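Enquirer:
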Amino acid sequence: MFIFSKYTPTATKRSLTVLLKRFYASSGGVPPFTKETANSKVKKAQNLWNTKDPYKVVNAYTKDSIWRNRDKFFTGHDSIIKFLKDKWSKELDYRLRKELFSWTDNKIAVEFWYEYHDHQKQASILVCTLSVLRRALVKDGVDVDDVEVPI
Numbered sequence: 000m001f002i003f004s005k006y007t008p009t010a011t012k013r014s015l016t017v018l019l020k021r022f023y024a025s026s027g028g029v030p031p032f033t034k035e036t037a038n039s040k041v042k043k044a045q046n047l048w049n050t051k052d053p054y055k056v057v058n059a060y061t062k063d064s065i066w067r068n069r070d071k072f073f074t075g076h077d078s079i080i081k082f083l084k085d086k087w088s089k090e091l092d093y094r095l096r097k098e099l100f101s102w103t104d105n106k107i108a109v110e111f112w113y114e115y116h117d118h119q120k121q122a123s124i125l126v127c128t129l130s131v132l133r134r135a136l137v138k139d140g141v142d143v144d145d146v147e148v149p150i
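Residue 0 is where the sequence shown starts when you use numbering that gives the first Met the number 0, and the numbers rise one by one after that.
1) Looking only at its own chain, which residues have a Cβ that is under 8 Å from the Cβ of residue 94, when we skip the five neighbours before and after it?
2) Would you call residue 24 buried or exposed, if buried means 16 or more other Cβ atoms sit within 10 Å of its Cβ?
3) Whose C-alpha, out of 87, 74, 85, 109, is nearest the C-alpha of residue 61?
4) If we call anything under 9 Å between Cβ atoms a contact, is residue 97 one with residue 111?
5) At which residues does the beta strand (DSSP E) containing residue 116 begin and terminate?
6) Could you check where the alpha helix (DSSP H) with residue 46 kicks off and where it finishes?
7) Which residues mark the beginning and the end of the alpha helix (DSSP H) in which residue 86 is found?
8) On the three-state DSSP scale, how would you describe residue 54?
9) Which partner residues does residue 97 have in the DSSP bridge list?
10) Residues in the same chain with beta-carbon distance under 8 Å from residue 91, minus the five sequence neighbours each way, listed in chain order, please.
11) Do residue 76 and residue 88 count as a contact pair if the criterion is CB distance below 9 Å?
12) Determine the closest residue to residue 79 out of 45, 44, 58, with distance taken between C-alpha atoms.
13) Mark residue 125 as exposed unless 16 or more other C-beta atoms lie within 10 angstroms of its C-beta, in which case mark it buried.
14) Express the C-alpha separation of residue 53 and residue 70 in angstroms, rounding to a whole number.
15) When DSSP builds the beta bridges, which residues end up paired with residue 67?
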């Protein structure tokens, strides 16, 4: 991740922006999606979440991301990290599975389910929730924002 300051020369910013665009385009990380790139993105997200490392997970989202979990909203990396730490401290042996449900050139619909148990060894499974995963490039095309919207 590159962080530009007001002292970073404009030419450097432009060069890095071009490199990042090429990287994301070649890795299938940005639209337009094909079946292969959409499926790859879904599996990368699955693997990232299964690390159960809130710092790794949150870095896949922009700093101003807004998340919703039931009736609560979380904005920004700090609140998302706190949410994930709390979640995974209660949901032990958390395991997520995501499958590609459908896609268009700029949207991916995923079916996901996860299982875990609590401290009393009570198992829980959340099954087959659909969400739309949109990828949107902001202003200058450097920052990439992932937004999961339950449907």
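The C-beta atom is built at its ideal place from N, Cα and C for all residues, glycine as well.
These figures come from a predicted structure and were not determined experimentally.
Expert: Reading from the atomic positions:
1) Here the set comprises 49, 113, 114, 115.
2) Low confidence applies to residue 24: its pLDDT is 48, below 50, so where it sits in the model is not reliable enough to give any reading.
3) Ranking the options by Cα distance to residue 61, first place goes to 74.
4) Yes, the pair counts as a contact, with Cβ atoms nearer than the cut-off.
5) Residues 106-116.
6) 34-48 is the span of the alpha helix (DSSP H), which, as asked, contains residue 46.
7) Residues 76-89.
8) Assigned with DSSP and collapsed to three states, residue 54 falls in helix.
9) Residue 97 is bridged to 111.
10) Within the same chain, 115, 116, 117, 118 come within 8 Å of residue 91 by CB-CB distance, once the 5 residues on both sides are set aside.
11) The criterion of a C-beta distance shorter than 9 Å is not satisfied by residue 88 and residue 76.
12) Ranking 45, 44, 58 by Cα distance to residue 79 puts 58 first.
13) That one is exposed.
14) The straight-line gap separating the alpha-carbon atoms of residue 70 and residue 53 is approximately 21 Å.
15) DSSP output for residue 67 lists 72 as bridge partner(s).
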